[in-house]
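Q:
In my numbering, the protein residues as written are 21 to 129.
(1) Would you list, in sequence order, the uninterrupted beta strand (DSSP E) runs of no fewer than 3 residues that lie entirely inside the stretch 51-78?
(2) Counting C-beta neighbours from all protein chains within 10 Å, is the total for residue 58 16 or more, i.e. buried, or is it exposed?
(3) Can you tell me whether residue 109 is buried or exposed? The criterion is at least 16 other CB atoms within 10 Å of its CB, across all chains shown.
(4) Apart from the five residues just before and just after residue 29, which ones in its own chain have a Cβ nearer than 8 Å to its Cβ?
(5) Would you grab the beta carbon distance between residue 97 and residue 70 for me? Rounded to a whole angstrom, and I think it's under 8 Å.
Given below as structure tokens:
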């Protein structure tokens, strides 16, 4: 789920790695993840052409940062991820409904 979450974060707006980690915690509920996994995932997404990065050296108070943004291919893949998640959610909701009906006490027995 890390790749779809990262694609969503850069879809919302370009950002650097540390900011993406914070937004994953806040907006996607991703907690306690090793930063190296996030950077590895970002590099993988970039290698696949789903995101791109540029160096931002405008902040004179610190080192240059790599700013990530989503590509057209990334937007397409994100759309597919969202559709698959919607389908999965429907299936999960249905299974829970069937379970809850079967777990309800039988009336009249």
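All C-beta atoms, glycine included, are put in the ideal place defined by N, C-alpha and C. Keep in mind it's a predicted model, so treat the numbers as computed, not measured.
A: Considering the structure as presented:
(1) 71-76
(2) By 1-based counting over the chain shown, the position of residue 58 is 38. It counts as buried.
(3) To locate residue 109, count along the chain shown from 1; it is residue 89. Classification for residue 109: exposed.
(4) Along the chain shown, one-based indexing puts residue 29 at 9. Once the five neighbours on either side are set aside, the close Cβ partners of residue 29 are 35, 40, 43, 44, 47 and 48.
(5) Along the chain shown, read from residue 1 onward, the residue named residue 97 stands at position 77. Along the chain shown, read from residue 1 onward, the residue named residue 70 stands at position 50. That belief holds up - the Cβ atoms of residue 97 and residue 70 are roughly 6 Å apart, short of 8 Å.
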